[in-house]
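All residue numbers for the sequence shown refer to this note's numbering, where the first residue is 2 and numbers rise by one.
We put the beta carbon where it would ideally sit given N, CA and C, even for glycine.
Some notes on the structure that comes next.
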Amino acid sequence: MSQILVIQESFYKALNKEKNLEILNSLGVSSVHEFFTKVIEKLNEEFAFLEIEAYRFALTPEDKKGLHQYSGFIDGDNLHYEKIIIFFTPIDSKLGDVIIEQSLMPTICSQMEENITFLLDEKYKKIALLTSKINSNNKVDIDYNKMQMDVNSLNTLNFDVIPFFSITNLSTDTKFNTLTEYMEMSDFLQKKSQANSQIKYLSLENSILYGNCDIQQLEGQFIKSFCFRYLTAMFSGGNDFKYDISRITSRLTRLDNQFDNLNRFIEFANDNLIKQGVITGPIDNDIIESDDDLEDINDIHRKPERGIDSTGRKRFKTNKKIRDSVLAKANYLCDCNDSKHFYFESVELDNYVEGHHIVPMNRQQEYYFDSSINLDIPNNIVPLCPNCHSQIHLGSRQARLKIISELYVRNKAKLLSINPNLTLSILASYYNIGLENEEEKYWIKKAEKTIEEKINSLK
Numbered sequence: 002m003s004q005i006l007v008i009q010e011s012f013y014k015a016l017n018k019e020k021n022l023e024i025l026n027s028l029g030v031s032s033v034h035e036f037f038t039k040v041i042e043k044l045n046e047e048f049a050f051l052e053i054e055a056y057r058f059a060l061t062p063e064d065k066k067g068l069h070q071y072s073g074f075i076d077g078d079n080l081h082y083e084k085i086i087i088f089f090t091p092i093d094s095k096l097g098d099v100i101i102e103q104s105l106m107p108t109i110c111s112q113m114e115e116n117i118t119f120l121l122d123e124k125y126k127k128i129a130l131l132t133s134k135i136n137s138n139n140k141v142d143i144d145y146n147k148m149q150m151d152v153n154s155l156n157t158l159n160f161d162v163i164p165f166f167s168i169t170n171l172s173t174d175t176k177f178n179t180l181t182e183y184m185e186m187s188d189f190l191q192k193k194s195q196a197n198s199q200i201k202y203l204s205l206e207n208s209i210l211y212g213n214c215d216i217q218q219l220e221g222q223f224i225k226s227f228c229f230r231y232l233t234a235m236f237s238g239g240n241d242f243k244y245d246i247s248r249i250t251s252r253l254t255r256l257d258n259q260f261d262n263l264n265r266f267i268e269f270a271n272d273n274l275i276k277q278g279v280i281t282g283p284i285d286n287d288i289i290e291s292d293d294d295l296e297d298i299n300d301i302h303r304k305p306e307r308g309i310d311s312t313g314r315k316r317f318k319t320n321k322k323i324r325d326s327v328l329a330k331a332n333y334l335c336d337c338n339d340s341k342h343f344y345f346e347s348v349e350l351d352n353y354v355e356g357h358h359i360v361p362m363n364r365q366q367e368y369y370f371d372s373s374i375n376l377d378i379p380n381n382i383v384p385l386c387p388n389c390h391s392q393i394h395l396g397s398r399q400a401r402l403k404i405i406s407e408l409y410v411r412n413k414a415k416l417l418s419i420n421p422n423l424t425l426s427i428l429a430s431y432y433n434i435g436l437e438n439e440e441e442k443y444w445i446k447k448a449e450k451t452i453e454e455k456i457n458s459l460k
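So, in structure tokens, the structure goes:
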């Protein structure tokens, strides 16, 4: 039996409405049938184990079990997974709407009713296709924004996020590494949006993450959004914390399905492993390395190559020869080197340093789609010792900003050749750090002073 994409008939009919058809036409899709044909092509292109040949409606109760309008699944042979669920986002959307939470949470909720570990279970492949037109240009702000945060949340919740209709300035491969990182960015965006309610929905007290809200919010779409946020926080924090939403649920006469599922998952998480322990060093597991010869390693418009990772997903490759040339040219010294820097020897008896892409490789899709820029070039790679490399990925906000700002100031000319509009605040946002203007100025001055002191210490 071949592989078939199974969709909800209600979604198909919704796409056939005049407004949605107009939007599809504006995006180069002439009909609903062509839309699903292109969806199949995109899925087959992104995943090595998919060979979908057609689509059909969900017909039987078993087909429809656990699905809602914006979801479907793959039926057929050689799937590599017990279940592959496909999530769509509404075609007609507006930037600022809670597009992702509202379209995905009903299905997530239904799947968790059936299996409370749905989001953890590696037997289930969860694919979110971004099929929305959010504005006339399908473009988000270059600064950190709510949609970027929601995409990061999906990746944190073990989804594969695929841009079907590409959105300018949006990265679909980024995630949150720690609870602190997630909460700081959440607070930053809440203040930036000047929301009517500035109540902290998440508060960390004595290693317990509490949920909070205004009593009048306990209805409608807020519940989906809150549960989505809280689940993201749990997957960011893992077993380093305990979780408690009793400050909310104690005010309810009955539990909504969303809260009931969240409560059951909290009970599970407080007693079971939900995330592997803290990594001792940064692991770029979304990067595949090649050793191919290149005509010009400095070609900024070289088309990025893709390979297949351990999950069957096609991802961008980096080139070992480019990285090695950067490390050798720097004499195997960390880009943050000073007179007190500690090194240990590599197998080749050089200082052991690692190649780091300043603009992260998880932005490659965005940069190549927006500007035909390849991020795997010498101007974007610096050598970092293991301590600095761990610090930029896993340190506190202050510790990470110390390295990021120093790399930005040291390599500003090179970075501007990649993106003339790249500021420190934009670069920091790539690492899930929000910076206000005054703080950005502070960190640049601090980095300039640090670099000057380091140069003097080496004389």
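With a threshold of 16 other beta carbon atoms within 10 Å, I289 meets it and is buried. In this structure, the beta-carbon distance from I87 to I128 falls below 7 Å. The beta strand (DSSP E) runs lying completely inside the region 197–233 and spanning 3 residues or more are 203–206, 209–212, given in chain order. Taking all protein chains in view, the Cβ of G73 is crowded by 16 or more other Cβ atoms within 10 Å, so the residue is classified as buried.
About 6 Å separates the CB atoms of M150 and M186; that is less than 8 Å, so the two are in contact. Judged by DSSP in its simplified three-state form, V30 adopts coil rather than helix or strand. Judged by DSSP in its simplified three-state form, E440 adopts helix.
The residues I92, D93, K134, in chain order, have a CB closer than 7 Å to that of I24 in the same chain once the five nearest residues on each side in sequence are set aside. Note that the region 388–405 does not touch the region 312–323; fewer than 3 beta-carbon pairs, one per stretch, sit closer than 8 Å.
Residue burial annotation: A55 is exposed, with fewer than 16 other C-beta atoms found within 10 angstroms of its C-beta. The beta carbons of S372 and D144 sit about 17 Å from each other, so the pair does not count as a contact at 8 Å. Less than 7 Å divides the Cβ of S172 from the Cβ of R364. In this structure, the CA atom of C214 is about 13 Å from the CA atom of Q222. Note on geometry: alpha-carbon atoms of L210 and P361 lie some 30 Å from one another. Taken through DSSP and simplified to helix, strand or coil, Y368 comes out as helix. H358 is positioned such that its CB atom lies closer than 7 Å to that of L376. In this structure, the alpha-carbon of E268 lies about 38 Å from that of R57. When C-alpha distances from I100 are compared across T90, P107, T108, I109, the shortest belongs to T90. A distance below 8 Å between beta-carbons, with the five flanking residues on each side excluded, links L350 to no residue of its chain. Remark: C-beta atoms of V327 and I382 approach each other more closely than 7 Å. Excluding its 5 nearest sequence neighbours in each direction, D300 has C-beta neighbours in its own chain below 8 Å: N375, I378, listed in chain order. E83 and K124 have their C-alpha atoms roughly 5 Å apart.
By the criterion of a C-beta distance shorter than 6 Å, G212 is surrounded in its chain by Y231, I246, I249, once the five residues flanking it on both sides are discounted. Counted as a single uninterrupted DSSP element, the beta strand (DSSP E) harbouring N320 occupies residues 315–320. Runs of the alpha helix (DSSP H) lying entirely within the region 131–162, each at least 4 residues long, are 147–157 in chain order.
By the CB criterion at 7 Å, I224 and Q191 fall outside the cutoff.
F74 is bridged by DSSP to V7, I86. Within a 10 Å sphere around the beta-carbon of L274 sit fewer than 16 other beta-carbons, which makes this residue exposed. If you look at V383, you'll find it in the beta strand (DSSP E) that goes 382–385. For the pair of segments examined, the region 437–451 was found to touch the region 408–427: the number of CB pairs separated by less than 8 Å reaches three.
Under the DSSP definition of a beta bridge, R57 partners with V7. A448 places its beta carbon 7 Å or farther from that of S397. Going by DSSP, I267 is part of the alpha helix (DSSP H) stretching over 258–270. The C-beta separation of H69 from P107 comes to about 4 Å, placing the pair in contact by the 8 Å criterion.
Taking C-beta atoms under 8 Å as the contact rule, N139 and T175 fail to qualify, at a distance of about 19 Å. Ranking D310, F177, N320, K403 by CA distance to the CA of R303 puts N320 first.
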